[in-house]
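K.L.:
Can you read through this structure? Questions will come right after.
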Amino acid sequence: MTAVVTRFAPSPTGRLHLGHAYAALQAHDHGRAAGGRFLLRIEDIDGTRSREEHVAGIVEDLAWLGLAWDGPVLRQSTRLAAYRAALAALRERGLLYACFCTRADIAASASAPHHGPDGLVYPGTCRHLPAADTAARIAAGVPHAWRLAVDRAVAAAGPLDWHDAIAGRQRADPGAFGDVVLARKDAPASYHLAVTIDDAAQGITDVVRGRDLMRATDIHRLLQALLGLPTPRYRHHPLLLGPDGTRLAKRNGAPALADLRAAGEDGRALAAALRDGRLPIGFMVASAYL
Ligand code: GLU
Numbered sequence: 606m607t608a609v610v611t612r613f614a615p616s617p618t619g620r621l622h623l624g625h626a627y628a629a630l631q632a633h634d635h636g637r638a639a640g641g642r643f644l645l646r647i648e649d650i651d652g653t654r655s656r657e658e659h660v661a662g663i664v665e666d667l668a669w670l671g672l673a674w675d676g677p678v679l680r681q682s683t684r685l686a687a688y689r690a691a692l693a694a695l696r697e698r699g700l701l702y703a704c705f706c707t708r709a710d711i712a713a714s715a716s717a718p719h720h721g722p723d724g725l726v727y728p729g730t731c732r733h734l735p736a737a738d739t740a741a742r743i744a745a746g747v748p749h750a751w752r753l754a755v756d757r758a759v760a761a762a763g764p765l766d767w768h769d770a771i772a773g774r775q776r777a778d779p780g781a782f783g784d785v786v787l788a789r790k791d792a793p794a795s796y797h798l799a800v801t802i803d804d805a806a807q808g809i810t811d812v813v814r815g816r817d818l819m820r821a822t823d824i825h826r827l828l829q830a831l832l833g834l835p836t837p838r839y840r841h842h843p844l845l846l847g848p849d850g851t852r853l854a855k856r857n858g859a860p861a862l863a864d865l866r867a868a869g870e871d872g873r874a875l876a877a878a879l880r881d882g883r884l885p886i887g888f889m890v891a892s893a894y895l
């Protein structure tokens with residue numbers, strides 16, 4: 606059996622908070638308990654929101670918690686050639702189309718707005734542009750995203766399932782997302798494409814991450830099938846909830862690890878408490894199926 610490899614893959618768009626600490630511990634401990642490896646990947650392809658100071662902050666915060674990772678840190682900003690190659694392969698198979706819509710266009714053109722797991726489902730406006738029109742706009746340098754024609758992709762891949770260690774067998778329903786963006790106007794790859802390619806490139810055997818990403822795995826499973834990549838095992842852990850009963854985030858008072866450290870807290874003691882389910886007053890772990 607292949608040795609277990611897990612990862613923690615934060616986006617450096619802010620300081621880590623208690624929820625990130627919980628997620629990092631879950632991934633770390635799952636790997637280490639199996640005698641396996643634990644990797645750190647920085648998901649920094651979003652050039653408008655990623656900040657160098659947050660990369661340094663993540664490294665500092667994880668060290669403070671007493672977490673060590675194996676090998677060099679992988680930065681998605683160094684992986685653009687791999688994303689480009691995958692996009693080219695999908696485009697050649699006729700599974701992508703260019704989309705020139707702005708957010709406002711999308712909101713305005715959805716006559717009966719339909720919501721999927723990621724928000725508004727794209728109504729397909731640019732799918733129906735004449736090919737010559739699309740080519741002319743691209744040649745003229747009009748900013749565009751690349752979307753997956755999800756019905757064609759699903760037809761090419763056939764029925765797909767995957768396994769979650771907590772929730773069991775899952776039938777993938779990538780169609781629920783509509784035609785997802787794989788390359789953004791302002792970023793060379795979307796989260797869905799980059800995470801799928803890098804989990805395979807890093808040999809991740811067990812993706813341990815929060816339950817908020819459960820349905821995203823349906824898209825990742827589809828991309829694995831289309832790109833000929835292996836499917837890891839998945840474990841979507843319950844999320845930490847804030848005092849207001851909603852998912853922990855900065856806005857509902859999730860304490861930044863940096864602030865706890867500045868207040869003199871001991872990171873290793875905090876990690877031990879989180880492992881034992883001893884949470885600061887008011888915080889709780891969601892029931893698995895919330
Ligand atoms: N980078 C993603 C985030 O910060 C997580 C990616 C993943 O674990 O698949 O939410």
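Just so you know, we're using our numbering here: the sequence shown kicks off at 606 and counts up by one.
Every residue gets a Cβ at the ideal spot worked out from N, C-alpha and C, and that includes glycine.
Given the structure is predicted, the values throughout are model-derived calculations rather than measurements.
If you run the structure through DSSP and keep just helix, strand and coil, what is D871?
P.N.:
Residue 871 sits at position 266 when you count from the first residue of the sequence shown. Correct three-state label for D871: coil.
K.L.:
Give me the Cα-Cα distance between P722 and E870, rounded to the nearest whole angstrom.
P.N.:
Position 117 of the sequence shown, counted from the first residue, corresponds to residue 722. Position 265 of the sequence shown, counted from the first residue, corresponds to residue 870. Going from the Cα of P722 to the Cα of E870 covers about 37 Å.
K.L.:
How about G640 and V610: are their beta carbons less than 8 Å apart?
P.N.:
By one-based count along the sequence shown, residue 640 stands at place 35. By one-based count along the sequence shown, residue 610 stands at place 5. It is not a contact, given that the beta carbons lie outside the stated cut-off.
K.L.:
Quick one, are the C-beta atoms of A899 and L879 less than 8 Å apart?
P.N.:
Summary: the structure shown does not reach residue 899, with the chain confined to residues 606 through 895, and so no result is reported for it.
K.L.:
Below 8 Å between beta carbons: does that hold for P735 and I711?
P.N.:
Position 130 of the sequence shown, counted from the start, is the residue given in the question as residue 735. Position 106 of the sequence shown, counted from the start, is the residue given in the question as residue 711. Contact flag unset, no.
K.L.:
Can you tell me where the alpha helix (DSSP H) holding V664 begins and where it ends?
P.N.:
For the purposes of this step, residue 664 is taken as the residue at position 59 of the sequence shown. E657 to L670 is the extent of the alpha helix (DSSP H) around V664.
K.L.:
Go through the residues and name those whose CB comes closer than 7 Å to any heavy atom of ligand 1, in chain order.
P.N.:
Going by the Cβ distance cut-off, the answer is A614, P615, S616, E648, Y796, V800, V812, R814 and L818.
K.L.:
What's the gap between the Cα of T836 and the Cα of L798?
P.N.:
Against the sequence shown, residue 836 aligns to sequence position 231. Against the sequence shown, residue 798 aligns to sequence position 193. Distance between the alpha carbons of T836 and L798 is about 14 Å.
K.L.:
Identify whether H749 lies in helix, strand or coil by the three-state DSSP scheme.
P.N.:
As a working note, residue 749 is residue 144 in the sequence shown. Note: H749 maps to coil in three-state DSSP.
K.L.:
Using only CA atoms, which one of T810, N857 and A691 lies nearest to R642?
P.N.:
By one-based count along the sequence shown, residue 642 stands at place 37. Out of T810, N857 and A691, T810 has the C-alpha closest to the C-alpha of R642.
K.L.:
My parser needs the beta strand (DSSP E) runs of 3 or more residues fully inside the segment 617 to 658; what are they?
P.N.:
642 to 647
K.L.:
Less than 8 Å between the beta carbons of W669 and L645, yes or no?
P.N.:
Within the sequence shown, numbered from 1, the residue matching residue 669 stands at position 64. Within the sequence shown, numbered from 1, the residue matching residue 645 stands at position 40. For the pair W669 and L645, the CB atoms are not nearer than the 8 Å cut-off.
K.L.:
Below 6 Å CB to CB, which residues in the same chain sit around M889 once its five sequence neighbours on both sides are set aside?
P.N.:
Along the sequence shown, one-based indexing puts residue 889 at 284. Taken in chain order, the residues that qualify are L846.
K.L.:
Leaving out the 5 sequence neighbours to the left and right, which residues in its chain are closer than 8 Å to L692 when beta-carbon positions are compared?
P.N.:
In the sequence shown, residue 692 corresponds to position 87, counting from 1. Closer than 8 Å at the Cβ level, and outside the excluded window around L692, lie L701, W751, L787, A788, A794 and L798.
K.L.:
Measuring only the C-alpha atoms, how far is C704 from L695?
P.N.:
Taking the sequence shown and counting its residues from 1, the one referred to as residue 704 is at position 99. Taking the sequence shown and counting its residues from 1, the one referred to as residue 695 is at position 90. So the two alpha carbons sit approximately 15 Å from each other.
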